[in-house]
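As structure tokens, the structure follows; a few thoughts come after it.
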Amino acid sequence: MTEYDVIVIGAGPGGYVCAIRAAQLGKKIAIIEREFLGGVCLNVGCIPSKALL
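Start counting the sequence shown at 4; every next residue gets the next number (our numbering).
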């Protein structure tokens with residue numbers, strides 16, 4: 004079984020920033036995301052709705 008220093012649940016705006024920072028600090032990271040990286044805001048929320056304006 005692979006071991007990780009940090010496991011981030013959710014790859015939205017907060018999750019991926021957390022994972023990047025932990026990796027910069029030399030930690031071994033895993034990200035758990037139900038659907039698509041980027042979370043709701045990037046995939047179906049804020050960003051796509053602004054593209055329609």
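Beta carbons: idealized from backbone N, C-alpha and C, even for Gly.
Asked	Found
If you reduce the DSSP assignment to three classes, tell me which class V11 lands in.	strand
Distance, Cα to Cα, E6 vs G48?	33 Å
For I23, list the residues DSSP reports as bridge partners.	Partner(s): none; I23 has no beta bridge.
With a 10 Å radius around its C-beta and 16 neighbouring C-beta atoms as the bar for buried, classify G42 as buried or exposed.	buried
Using 8 Å for Cβ pairs, my map puts E36 next to A14. What's the rounded Cβ distance?	4 Å
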